[in-house]
Amino acid sequence: AQSVAQPEDQVNVAEGNPLTVKCTYSVSGNPYLFWYVQYPNRGLQFLLKYITGDNLVKGSYGFEAEFNKSQTSFHLKKPSALVSDSALYFCAVRANTGGFKTIFGAGTRLFVKA
Amino acid sequence: NAGVTQTPKFQVLKTGQSMTLQCAQDMNHNSMYWYRQDPGMGLRLIYYSASEGTTDKGEVPNGYNVSRLNKREFSLRLESAAPSQTSVYFCASSKFWGSLTSGDNEQFFGPGTRLTVL
Numbered sequence: 169a170q171s172v173a174q175p176e177d178q179v180n181v182a183e184g185n186p187l188t189v190k191c192t193y194s195v196s197g198n199p200y201l202f203w204y205v206q207y208p209n210r211g212l213q214f215l216l217k218y219i220t221g222d223n224l225v226k227g228s229y230g231f232e233a234e235f236n237k238s239q240t241s242f243h244l245k246k247p248s249a250l251v252s253d254s255a256l257y258f259c260a261v262r263a264n265t266g267g268f269k270t271i272f273g274a275g276t277r278l279f280v281k282a
Numbered sequence: 003n004a005g006v007t008q009t010p011k012f013q014v015l016k017t018g019q020s021m022t023l024q025c026a027q028d029m030n031h032n033s034m035y036w037y038r039q040d041p042g043m044g045l046r047l048i049y050y051s052a053s054e055g056t057t058d059k060g061e062v063p064n065g066y067n068v069s070r071l072n073k074r075e076f077s078l079r080l081e082s083a084a085p086s087q088t089s090v091y092f093c094a095s096s097k098f099w100g101s102l103t104s105g106d107n108e109q110f111f112g113p114g115t116r117l118t119v120l
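Below, the structure written as structure tokens:
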């Protein structure tokens, strides 16, 4: 069965420091992987995706994510955090076979302190 | 270009009442989705429509019905609301659903409807 795990409910980081939000997944076949961000009282907003090719993908607002097939992980990273990055982050996985449904993780709340 | 719009933004219902949540997208997307978001549980798919004229059950369809009215609009109906349906509901759309393309699967979300059932 398809699943995605975000092992940290919350990540705290100081402004200017690098940040990592973790995501691991389980899916049959090759995965499509996504990161979304949700600001308060808003819908989710697409950040980046991995479909195929280079394991390091770059997305909006300076975020990037690294696909690691052997560890079945797709961690979100940013070299220097901003206070405005504080939000709820969701990892999502979609199989490219079978039902094609996208499964979302439970979300990780990122707090960036000034 | 409004993207995905949802109405209403807020709603309070009494147990047993019915209501329809409306969703529309202006991006000419083929696929549309309804999710509910509950604390600590992420997003759970209620129903989806891979293309105009088709609808399918997601992870938590019980107590809900949907209608894909046309390519733009996808509504969610609660026939007899229950307190367990208190949640934030999001509509989303994407250009394509399945393996027709290698990409274009990212979803675009509406602002959400906060529903309370008393």
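Chains A and B, in that order, give the protein sequences.
Position in the first sequence (from 1) plus 168 gives the number in our numbering.
Position in the second sequence (from 1) plus 2 gives the number in our numbering.
In this text, a Cβ means the ideal position worked out from N, Cα and C, and glycines have one as well.
B/A83 is positioned such that its CB atom lies closer than 8 Å to that of B/Q19. Three or more beta-carbon pairs separated by less than 8 Å link the stretch 71-79 of chain B to the stretch 43-55 of chain B, which places the two stretches in contact. Those residues of the stretch 173-198 of chain A placed with their C-beta closer than 9 Å to a C-beta in chain B are Q174 and D177, ordered along the chain. B/E75 is outside the set of residues whose beta carbon lies under 8 Å from a beta carbon in chain A. With contacts defined by Cβ atoms closer than 8 Å, A/F268 and B/E108 do not form a contacting pair. For the stretch 211-224 of chain A, the residues whose beta carbon sits under 8 Å from a beta carbon of chain B are, in order, G211, L212, Q213, F214, K217, I219 and T220.
Interface flag for A/A274 against chain B is set, since a Cβ pair is found closer than 8 Å. Following the DSSP letters along the chain, one finds A/F231 in no beta strand (DSSP E), marked with neither H nor E. Close to chain A, meaning a Cβ-Cβ distance shorter than 9 Å, are the following residues of the stretch 42-54 of chain B: G42, M43, G44, L45, R46, L47, Y50 and A52. At least one beta carbon of chain B lies nearer than 8 Å to the beta carbon of A/F268. For A/N198, no beta strand (DSSP E) run applies, since DSSP gives it neither H nor E.
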